[in-house]
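Chemist: Just so you know, the protein sequences line up as chains A, B, C and D, in that order.
Residue numbers for the first sequence follow our numbering, so the first one is 279 and each next one is one higher.
Residue numbers for the second sequence follow our numbering, so the first one is 7 and each next one is one higher.
Residue numbers for the third sequence follow our numbering, so the first one is 123 and each next one is one higher.
Residue numbers for the fourth sequence follow our numbering, so the first one is 449 and each next one is one higher.
Where a beta carbon is used, it is the ideal one built from N, C-alpha and C, also for glycine.
This is the structure I have questions about; it appears just below.
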Amino acid sequence: MIKRGRGMACMWYPIGFTVAANPSAATVKVNTDGTATVLTGTVETGQGALTVLGQIAAQALGIATDDVHVVSADTDTTPMDTGAIASRTTYVTGNAVMLAAEKARDILFQAAAPLLEVPPDQLEARDRKIQVLGFPSKSVDIGTVAQHSETVLGAPSIGSASYNPPTVPMDPETGQGKPFNTYVYATQIAEVEVDDETGEVEVKRIVAVHDCGTPINPMLVEGQIEGGISMGVGFALQEEILFKDGAQINPNLTNYIMPTSLDMPEIEVELVDNYDPTGPFGAKGAGEPTAVPTAAAIMNAIHDAVGVRITSLPATAEKVLGGILELQAS
Amino acid sequence: MMVQLTINGELKQADVPPETTLLKMLREYLNLTGAKLGCDVGDCGTCTVIVDGESVNSCLMLAARAAGSEITTIEGLANAQQLHPIQQSFEELGALQCGFCGPGMIMSAKNLLDKNPEPSNAEIRDALSGNLCRCTGYTKIIEAVADAGQAMNSAEA
Amino acid sequence: MRPFDYIAPSSAQEAIALLAENGDSACPLAGGTDLIVDLKHDAGTINLLVDVSCIPEFRGIKETPEGLRIGSMVTFGEIMAADVCREMTPAIVAGAHTIGAVQTRNLGTVGGNLVTCVPSADIAPSLLVLDARVTITGPDGSREIPIEEFFVGPRKTSLQPNELLESILIPQDALGKPSKFLKHGLRKGQALALVNAAASLRLDTDGETLVEPRLALGAVAPVPLRAIETEAFLAGKPATDAVIAEAAEIAVTEAKPIDDFRASADYRRQIIRTFAKRVLTRSVEIAKTT
Amino acid sequence: MATRTKDVQTDADELVTAREARAPAKQPLTLPADDPVAFPLQLPESKARLQTPAVGQRATRPDGRLHGLGQTQYIDDLTFPHMIHAKVLRSEHAHARIVSIDTSSAEAMPGVLATLTGKEIPRNSFGPTLQDQPVLADDVVRHRGDGVAAVAAVTEQIAADALEKIKVEYEPLRPVFDPLEALGDDAPRIHGGDTNIYASKVIKKGDVEKAFAESDHVFERRYQTQMVEHVPLEPHASIASWDGNGRVSIWSSLGRITLGREDLARTLELPQSKIRLIGTIVGGNFGGKNEITNEPILAMLSRKTGRPVKSVFTRGDEFVSSTIRHPFTMDYKTGVMNDGTIIARKIRIILDGGAYCSWTGTTIGKGSILAPGPYNIDNIHVEAYAVYTNKTTTGAMRGFGAPQVCFAYESQMDEIAHKLGIDPLEIRLKNAFSEGSSSPTSQTLQAVAIKESLNQAAQRFGWKEWQA
């Protein structure tokens, strides 16, 4: 018989390294037509880092994502970056890019101020224009300003900056301290069906509600969450490296069982409305935490369905059936 | 041995050792690196191409076997003005992340939509089960295939 | 892969001659989904592949007076797409559908799956319960044997040196026979069977008595297994839940599952019990509605 | 009958000659084989990329289009003139002393241009926090994934064949695979010293023992997790090219190039200015590509041969020689009041630390800090130990210990809720952090959104309306 169950799990997760410095540096240059180039030492590993960093630079400069080209990952040309690790790119590298873009933008404000006849601190960059705060009709096209600044004033619009999350070392005896500057939070709820004659668990649906601060690009955040859940489903039910005498016995994708398209549930993603003042435009991060609560939610759903408490992962069908039979026997 | 193939509508040939797989011939002899080598034993699907109208793991097919066949690879889908609707949907819906599964995934999607223009969600999942993806949970990929199917149907209507 | 030679003969006799001429150094190539993988790991003595996949005698699905003849080199994809198979042998289509994924099903062949002769061959149980016969062709002509005689041991068939599997015949009276195939693997997509099972049966005119019941199990013994004792028990009995439950217990005793890293023998026995029940029950339901 | 292509070749010498003779014979038919692939020239950009403000837009990714076109160049898609291929021989033992390595037969093979052993690596150790891992083992092998020698040859197949010609003599040492056994007094010491524990963490807040005594209920349970592989679809890959100025360029699937260059400079004993490390689009990382692997080997082989050297992990290499997720054994003891308020939690974690440290430092840190869960608990005691075993190196994997401890703390949360007859949502809301809460390390938390996520998820799921 098929038994239905539901289970929830929530979690918290930090952004960046534990206490250890993990800085990023970035350079942003505004071209004379108002487009921009970002230099970053981080690496695009599929998460969409370069798109997000481009959006952050574009936001700071008041231009569109497509106006920004991001150059990355070459030690000969790009600045220091701790790398694509610890869910830190949006927050740490993003802050560096934002700060660098603001420096480049300030050069444009200096150039535009005499043109618009207001002090630089009365200006904002929006809609591809440098405009007077509160008077959007008083504006100059950003390309015109960049051209003027570079070719007339001799002040190219370029900025470099770095960011490192502030931490306080942990006491070696008690672990007390401030190991991270910020954390994200999430809840996932799983609905499962358990076949009580085979122990097979089918995850039907997962609702995932995550906090990532401001989502710089909601589509990419959703993608991270959906992918994290697939890793969580594998961790929960299928995946395990097995050994015999110290040698792996399933080091291949035939026998190391990870989810296929047929094994994945319907996923519903929502983001919590949140803003972290320490992140770029309120953003925190999204990469790793997406994979954290899934297995726990599924285990709780299995318990809800058939009363079996799985205490060692993965919850293979054999393990679940073993639990069911034990319950029936007692 | 000399192997002749029609690839993306053009006749190509290369002199390859008999043990050469179709994947190796595409990548190393014809410089078509869209199809990827992810596992080399037919589990991951990154090497998927279409041979005479059927998708196959090109890592498991000898080039010699494919001689004389019509082969479609990822490089053959777009033209100078237009992405293929599947490529368009994958891009717009953010279906690919690291992208390594992408060429194979899109060829599997094409194989499906060529035969079944209005697949159900279950049929899409079934059709993609030979293409592993570790980034996306398949969610946006499945949405993109459905979306592309609709786009292709309305374009024909 | 290490170097080997490749040749694609155009007739069965040419293929047989090539195999005879080259002895252990030659190996027939069907879909390649197993053999090419093996060759990538270890070529052994093989240095000539004789590609038999396009030999006309081995191709095609034909309706004949004796029954449905499926060429050994018909792919699983072709079986799934063939209307005649979908209508007359849905259990074979279901078995084919669980093998690998679309891409491997477009390469892999029925004959290759049978000749590889692994206990978990997903095409085997449905063929066993439909009383399939196989035609073997060799240097001295052709012979036809029941499929259960084809499986000899793990990775060992009754093919003699230089013989090739030509076709599989589903006898006329098995076509349309109520049947069901089920498979249990470690996941849904691209799964290897921990246990697979098929049943076929008819109900007598009373709508209750089991006639010609068949049950086959895979991955539970050195070869795909026809559960003869279970079948004998079922024959002539009423198709009730109690009878089926008892039959499932007999099936468990007929199977000889092993412990391996995928599952324990005990777990496999549980699945055999459940699946024997399910394929039989489902076959009865189908029989009642047709 | 199809024409028979050639006589069966078995002689390797002939083979190489035949192959090299064949290789350039790409005879053009209608078009050269390497004619440019058609690609779209005039595509409209998606609207979200063109809009301002940029933040919050569902902007498409520029690399996404190239992925879909098959035009993204991963390492394995790159090729350079005269490029050769490297393969690494891996240990036959989980724990053994290397007595000798004889590469002469491999070197003598036609098509083999160079071999390399650990003794030739200028500084044969690396690791992000603890440099306890050899690039190629030269003294002791500590797990089956340890590389012991490498070969560079004109084809991958010849390199693979040559590995079989390398003779390694081992003196087997007693292995230990179970982390709990590895803690024992008589367990073999995998890295010498007097213990296999190589990292530990303690977090103490309040007084757990006193709080347990005051608790209405105490729950105790052991939870265990397994070893898991990242499975990036793109296996690790790199290409190294040493130039005439003594500068080496390395294209790598590494996810952290700045620190990667530092690691390379250290192992190669080169100034950082002499190394150019280029990251490409990486075909999946998930933490598994945050360590150098074959890069120093390829650099050395390139220096030896004067050729660009490429290596791509097989799927098997990916499993056995790259890092994987730490298995955790977690003992949780939790003191709860009748109303569901958690007042104490004591946790002991043993991390199966594999053969080398890798990112264990970060994993034990994050795992320990996060282990009590996102809950206001006044009395906390966490202690965690990472233990060497003769198994695959455990490193960074999406969550650094968080998925493991979350499985434990959230499983126990449900067990508590079940026992006390409290709805799982309510017990979490009762204990969850809120703005300004104090973390287990007494950090004041800001931008906290745990209760919001719980309520929003319950709403979306239909938690209250659920009927089984």
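Assuming F198 of chain C is part of the alpha helix (DSSP H), what are its boundary residues?
Modeler: If you number the third sequence from 1, residue 198 of chain C lands on position 76. Per DSSP, F198 of chain C belongs to the alpha helix (DSSP H) from 198-203.
Chemist: For L712 of chain D, name the three-state secondary structure that DSSP assigns.
Modeler: As a first step, residue 712 of chain D is located in the fourth sequence; it is residue number 264 there, counting from the start. It is helical.
Chemist: Helix, strand or coil for V413 of chain C per DSSP?
Modeler: Absent from the model: residue 413 of chain C. The displayed extent of chain C is 123 to 412, so no value can be given.
Chemist: With a threshold of 8 Å, are at least 3 pairs of Cβ atoms found where one atom belongs to the region 817-830 of chain D and the other to the region 621-637 of chain D?
Modeler: Because the criterion of three Cβ pairs below 8 Å is not met, the region 817-830 of chain D and the region 621-637 of chain D do not touch.
Chemist: Would the region 606-626 of chain D count as touching the region 403-415 of chain A if we require 3 or more Cβ pairs under 8 Å?
Modeler: No, they do not touch.
Chemist: Which chain B residues are close to E380 of chain A, counting only those with a beta carbon under 9 Å from its beta carbon?
Modeler: Numbered from 1 along the first sequence, position 102 holds the residue referred to as residue 380 of chain A. Within 9 Å Cβ-Cβ: nothing; E380 of chain A doesn't reach chain B, min ~28 Å.
Chemist: In the DSSP assignment, the beta strand (DSSP E) including L531 of chain A goes from what residue to what residue?
Modeler: Walking along the first sequence from the start, residue 531 of chain A turns up at place 253. Premise fails: L531 of chain A is in no beta strand (DSSP E) and is neither H nor E.
Chemist: For N159 of chain B, collect the residues of the same chain with a Cβ closer than 8 Å to its Cβ; drop the 5 residues on either side in sequence, then sort them by chain order.
Modeler: Reading the second sequence from its first residue, position 153 is the one you call residue 159 of chain B. P123, E124.
Chemist: From this set, D:A554, D:W807, D:S721, which residue's C-alpha is nearest D354 of chain A's C-alpha?
Modeler: For the purposes of this step, residue 354 of chain A is identified with residue 76 of the first sequence, where counting begins at 1. Taking only the C-alpha atoms, the option nearest D354 of chain A is D:S721.
Chemist: With a threshold of 7 Å between beta-carbons, can Q516 of chain A be considered close to chain C, or not?
Modeler: Counting from one through the first sequence, the residue named residue 516 of chain A turns up at place 238. Chain C, which has a Cβ nearer than 7 Å to the Cβ of Q516 of chain A, makes this yes.
Chemist: So the candidates are D:E540, D:A598, D:P576; which of them puts its Cα closest to the Cα of A562 of chain D?
Modeler: Translated into the one-based positions of the fourth sequence, residue 562 of chain D becomes position 114. A562 of chain D has its Cα closest to that of D:A598, out of D:E540, D:A598, D:P576.
Chemist: Whose C-beta lies closer than 7 Å to the C-beta of V583 of chain D among residues of the same chain, with five residues either side of it excluded?
Modeler: Translated into positions along the fourth sequence, residue 583 of chain D becomes position 135. G566, I569, N572, F574, T715, P744, I745, listed in sequence order.
Chemist: Name the residues in the region 33-46 of chain B whose C-beta lies less than 9 Å from a C-beta of chain A; which are they?
Modeler: Here the close residues are G44, C45.
Chemist: Whole angstroms are fine: how far does the CA of A313 of chain C sit from the CA of E518 of chain A?
Modeler: By one-based count along the first sequence, residue 518 of chain A stands at place 240. By one-based count along the third sequence, residue 313 of chain C stands at place 191. Between E518 of chain A and A313 of chain C, the C-alpha separation is close to 16 Å.
Chemist: If we require 3 or more residues per run, which beta strand (DSSP E) segments fall completely within the region 661-730 of chain D?
Modeler: Qualifying beta strand (DSSP E) stretches, in chain order: 665-672, 685-690, 696-700, 723-727.
Chemist: Using 10 angstroms around the beta-carbon of K299 of chain C, count the other beta-carbons present and answer buried if the total reaches 16, otherwise exposed.
Modeler: Reading the third sequence from its first residue, position 177 is the one you call residue 299 of chain C. The residue in question, K299 of chain C, is buried, as its Cβ has 16 or more Cβ neighbours within 10 Å.
Chemist: Which of helix, strand or coil does DSSP assign to D156 of chain C?
Modeler: Here residue 156 of chain C corresponds to residue number 34 of the third sequence, with the count starting at 1. Correct three-state label for D156 of chain C: coil.
Chemist: What's the gap between the Cα of M8 of chain B and the Cα of F126 of chain C?
Modeler: By 1-based counting over the second sequence, the position of residue 8 of chain B is 2. By 1-based counting over the third sequence, the position of residue 126 of chain C is 4. Going by the C-alpha atoms only, they are around 15 Å apart.
Chemist: Return the residues of the region 727-748 of chain D that lie within a Cβ-Cβ distance of less than 9 Å from chain B, sorted by chain order.
Modeler: Here the close residues are I729, V730, G731, G732, N733, F734.
Chemist: Tell me, please, whether the CB atom of T453 of chain D is closer than 7 Å to any CB atom in chain B?
Modeler: Taking the first residue of the fourth sequence as 1, we reach residue 453 of chain D at position 5. Caution applies to T453 of chain D, whose pLDDT of 37 falls short of 50 and renders its modelled position unreliable; the model cannot decide the point.
Chemist: Ignoring anything shorter than 3 residues, give me the beta strand (DSSP E) runs that lie fully in the region 735-806 of chain D, in order along the chain.
Modeler: Correct list: 757-760, 776-784, 790-800.
Chemist: Indicate whether at least one CB of chain B lies closer than 7 Å to the CB of L512 of chain D.
Modeler: As a first step, residue 512 of chain D must be located in the fourth sequence, where it is residue number 64. Note that residue 512 of chain D corresponds to Gly in the displayed sequence, not to Leu. For G512 of chain D, the answer is yes, since a Cβ of chain B falls inside 7 Å of its Cβ.
Chemist: Counting Cβ pairs closer than 8 Å, one from the region 574-581 of chain A and one from the region 846-864 of chain D, do we hit at least three?
Modeler: Yes, the region 574-581 of chain A is in contact with the region 846-864 of chain D.
Chemist: Would you list, in sequence order, the uninterrupted alpha helix (DSSP H) runs of no fewer than 4 residues that lie entirely inside the region 606-652 of chain D?
Modeler: Counting whole runs of 4 or more residues, the region 606-652 of chain D contains the alpha helix (DSSP H) stretches 627-630.
Chemist: With 8 Å as the limit, tell me which residues of the region 130-159 of chain B have their beta carbon closer than that to any beta carbon of chain D; keep them in chain order.
Modeler: Listed by position along the chain: L138, C139, R140, C141.
Chemist: Going by other Cβ atoms of all chains shown within 10 Å of its Cβ, with 16 needed for buried, is S882 of chain D buried or exposed?
Modeler: Working through the fourth sequence from its first residue, we reach residue 882 of chain D at position 434. Exposed.
Chemist: Flag S95 of chain B as yes if its beta-carbon sits less than 7 Å from any beta-carbon of chain D, otherwise no.
Modeler: Sequence index remark: in the second sequence, residue 95 of chain B carries index 89 (1-based). No, S95 of chain B does not count as interfacial toward chain D.
Chemist: Taking buried to mean at least 16 other C-beta atoms within 10 Å of its own C-beta, is N495 of chain A buried or exposed?
Modeler: By one-based count along the first sequence, residue 495 of chain A stands at place 217. Result: buried.
Chemist: Is it true that the CB of L170 of chain C sits closer than 7 Å to the CB of L151 of chain C?
Modeler: Here residue 151 of chain C is taken as the residue at index 29 of the third sequence, counted from 1. Here residue 170 of chain C is taken as the residue at index 48 of the third sequence, counted from 1. Taking 7 Å as the Cβ cut-off, L151 of chain C and L170 of chain C do not qualify as a contacting pair.
Chemist: Check whether the Cβ of I13 of chain B lies closer than 7 Å to any Cβ atom in chain D.
Modeler: For the purposes of this step, residue 13 of chain B is taken as the residue at position 7 of the second sequence. No, no contact with chain D.
Chemist: For chain B, find out if any of its Cβ atoms is closer than 7 Å to the Cβ of G324 of chain A; answer yes or no.
Modeler: Walking along the first sequence from the start, residue 324 of chain A turns up at place 46. By this cut-off, G324 of chain A is an interface position.
Chemist: Which chain A residues are close to K814 of chain D, counting only those with a beta carbon under 7 Å from its beta carbon?
Modeler: If you number the fourth sequence from 1, residue 814 of chain D lands on position 366. Neighbours of K814 of chain D on chain A, chain order: P292, T296.
Chemist: Go to F413 of chain A, then tell me how far its beta strand (DSSP E) extends in each direction, as first and last residue.
Modeler: Taking the first sequence and counting its residues from 1, the one referred to as residue 413 of chain A is at position 135. Here the beta strand (DSSP E) through F413 of chain A covers 413-419.
Chemist: Is DSSP giving F521 of chain A helix, strand or coil here?
Modeler: Residue 521 of chain A sits at position 243 when you count from the first residue of the first sequence. F521 of chain A falls in the strand class under three-state DSSP.
Chemist: For chain B, find out if any of its Cβ atoms is closer than 7 Å to the Cβ of G703 of chain D; answer yes or no.
Modeler: In the fourth sequence, counting from the first residue as 1, residue 703 of chain D sits at position 255. Cβ-Cβ to chain B under 7 Å: no for G703 of chain D.
Chemist: Under a Cβ-count criterion, where at least 16 other Cβ atoms within 10 Å of its own Cβ denotes burial, should M449 of chain D be classed as buried or exposed?
Modeler: The sequence position of residue 449 of chain D within the fourth sequence is 1, counting from 1. Since pLDDT at M449 of chain D reaches only 38, below the 50 mark, its modelled position is unreliable, and the value read off the structure follows with that caveat. Answer is exposed; the Cβ neighbour count stays below 16.
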